[in-house]
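Following full-length UniProt numbering, the numbering of the sequence shown begins with 1 at its first residue and continues without gaps. Think of the CB as a built atom: it goes at the ideal place given N, C-alpha and C, for glycine as much as any other residue. Since the structure comes first, as structure tokens, the remarks are kept for the end.
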Amino acid sequence: MRIFSEAAERNKLPILDVLQTTLIHHTVVLEIGSGTGQHALFFASILGHLIWQPTEIPDNLPDLQTNCNNYSIPNLNKPIPLDVDDEPWSVPTVDTIFTANTLHIINWSQVCRIFKKVSSLLPYDGLFCAYGPFNVNGQFTSQSNARFDAELRMRNPESGIRDMKELVIQAEAQGLWLEADHPMPANNRLLVWRKLMQIK
């Protein structure tokens, strides 16, 4: 049975609107946590100038592979395993990294690790695009986000909606500067960081 995400189906068009202009001069995208593969399939099919590399944790990789194998898209690479805690990350050379609805699922140390790995993988001027719900100045942007955060923390106290200010601190420590904050439907945002400094 094909695994399907209603959320990915709803948000793919608003995200595409941003990626079409943001990634016009970029070539290879690593997607962290591709889930069902709906984003990878959709974006690769429309953004033909991009090579799209989907990834998933090993336990979830078979479902992603099954979904992607149902289509033949020349610029969509075969899904590969990737766990945030892997060392090293066995991924191709990329100039863009994209992730959707992951930073509130993983724990904070893993969020920090993502920024370190993103910085080490991206070249100068490379982009990191992160979609999802985010708090602003320590405040939830909606009651629905507050409820969602409570649900997340009930399942795992180490997960939860992240605050933009805390993410910016982590990013800047790794040479990544927040270039754009795109409001998205359903109280989500698409944040775009650009690598402007090499951290040793």
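Check                                                                                                      : Outcome
Outcome for T96 when other beta-carbon atoms lying within 10 angstroms are tallied against a minimum of 16 : buried
Cβ distance (whole Å) where L64 is taken to contact P79 below 8 Å                                          : 5 Å
Where the beta strand (DSSP E) through V28 begins and ends                                                 : 28-32
Proximity of A171 and W193 at Cβ, strictly below 7 Å                                                       : yes
Extent of the continuous alpha helix (DSSP H) run through K117                                             : 108-121
CB contact flag (N145, P133, <7 Å)                                                                         : yes
Where G48 falls, given that 16 or more other Cβ within 10 Å makes a residue buried                         : exposed
Nearest-angstrom Cα separation, counted from G175 out to P62                                               : 35 Å
Strand pairing of V136, partner residues [DSSP]                                                            : Q139
Beta-carbon spacing of I32, T93 below 7 Å                                                                  : no
Residue from W177, P185, E151 whose Cα sits closest to the Cα of K165                                      : W177
N-terminal and C-terminal residue of the beta strand (DSSP E) that F98 is part of                          : 96-100
Member of I199, E179, A130, M154 whose CA lies at the smallest distance from the CA of R162                : A130
Reduced DSSP category for P81 - H, G, I as helix; E, B as strand; rest coil                                : strand
Which of helix, strand or coil DSSP assigns to I169                                                        : helix
Whole-angstrom distance between L190 and H182, CA atom to CA atom                                          : 5 Å
Proximity of A44 and L13 at Cβ, strictly below 7 Å                                                         : no
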